[in-house]
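What follows is one structure encoded as structure tokens, with my remarks underneath.
Residue numbers (the numbering used here): 6 to 253.
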């Protein structure tokens, strides 16, 4: 992709301080967008990402918010509108992941991961939509929402039942919102397989199973998000980025 296809646009990436979220935020900035870096606990890392975006010549700010909490989400979007006056792209990336046997799952674990992985996407999309629509009235173009789901939303992993259910919910939320928010807002999902970063032990089981015999990178997920942020005739779709793991 050449040039700066997102020039003049404003993007909010939730959970953008580290890992995949950081990769997405930087990719959007490199392609012209001003980027709000949302974080929950990782303040120093979020400020560093925002500073890196600023060095690219974009506007950026790091904003703390628990995106599974309605009041916090309201404050977050009020801050976005006050500072930038618009929102073109929302990437719902914030989430959590942990192993737990189904028999041992507690109410708190179940509720926590549904809040983190699914409720957060619902709340942010609900607040983003009117802000996007406000700017798009009588103008061409689209707002875009990209929900980060997971291969776990498509495959059954018994050690991660709570996680799989939350990500399957994210996929269905994507499809419902694609219809509910059409025609002005395009809503799609990226479903990563195992993504690893420097210094992490290689996931040998995944590498053995996957046709491409490797794990993915944060930049590869960011490329998929960038594609969906520039496509004009795609909505309600799930782009699986897993090296072919879902085939076997």
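Glycine included, C-beta positions come from ideal geometry on N, C-alpha and C.
query, result
"Going by other Cβ atoms of all chains shown within 10 Å of its Cβ, with 16 needed for buried, is residue 217 buried or exposed?", "exposed"
"If you check the beta carbons only, do residue 92 and residue 133 fall under 8 Å apart?", "yes"
"At the level of alpha carbons, what is the spacing between residue 102 and residue 114?", "11 Å"
"Just verifying my parser: in three-state terms, what is the DSSP assignment at residue 183?", "helix"
"Would you call the segment 9-29 in contact with the segment 204-216, where contact means no fewer than 3 C-beta pairs closer than 8 Å?", "no"
"Using the C-alpha atoms, what's the distance from residue 99 back to residue 118?", "11 Å"
"Are any of the Cβ atoms in chain B nearer than 8 Å to that of residue 40?", "Protein chain content of the structure displayed is limited to a single chain, and chain B is not contained in it."
"To the nearest angstrom, report how far apart residue 159 and residue 173 are at their CA atoms.", "7 Å"
"To which residues of the same chain is residue 73 closer than 6 Å at the C-beta, ignoring the five residues directly before and after it?", "120, 121, 124, 125"
"Between the segment 78-91 and the segment 45-57, are three or more C-beta pairs nearer than 8 Å?", "no"
"Residues in its own chain within less than 7 Å of residue 182 by CB, not counting five upstream and five downstream?", "130, 150, 192"
"Over the uninterrupted alpha helix (DSSP H) stretch that includes residue 233, give me the two end residues.", "223-235"
"Determine the extent of the beta strand (DSSP E) in which residue 190 is found, giving its start and end residues.", "190-197"
"Hey, residue 14 and residue 38 are a contact pair by Cβ (cut 8 Å); roughly how many whole angstroms apart?", "5 Å"
"In the DSSP assignment, what residue or residues form a beta bridge with residue 243?", "194"
"Could you tell me which uninterrupted beta strand (DSSP E) segments, each at least 3 residues in length, are contained entirely in the segment 57-106, listed from first to last along the chain?", "65-69, 94-97"
"Going by C-alpha to C-alpha distance, which of 22, 163, 238 sits closest to residue 107?", "163"
"Does the Cβ of residue 40 have 16 or more other Cβ atoms within 10 Å, making it buried, or fewer, making it exposed?", "buried"
"What are the start and end residues of each continuous alpha helix (DSSP H) run of 4 or more residues lying completely inside the segment 100-166, in chain order?", "112-119, 125-141"
"According to DSSP, simplified to helix, strand and coil, what is residue 49?", "helix"
"Residue 25 and residue 226 - do their beta-carbons sit closer together than 8 Å?", "yes"
"If we count the other Cβ atoms within 10 Å of its Cβ and call it buried at 16 or more, is residue 111 buried or exposed?", "exposed"
"Could you have a look at residue 208 and say whether DSSP puts it in helix, strand or coil?", "coil"
"For residue 224, count neighbouring C-beta atoms within 10 Å of its own C-beta (all shown protein chains included) and say buried if the count is 16 or more, exposed if not.", "exposed"
"From residue 65 to residue 58, what does the alpha carbon distance come to, in whole angstroms?", "6 Å"
"If we call anything under 8 Å between Cβ atoms a contact, is residue 248 one with residue 184?", "no"
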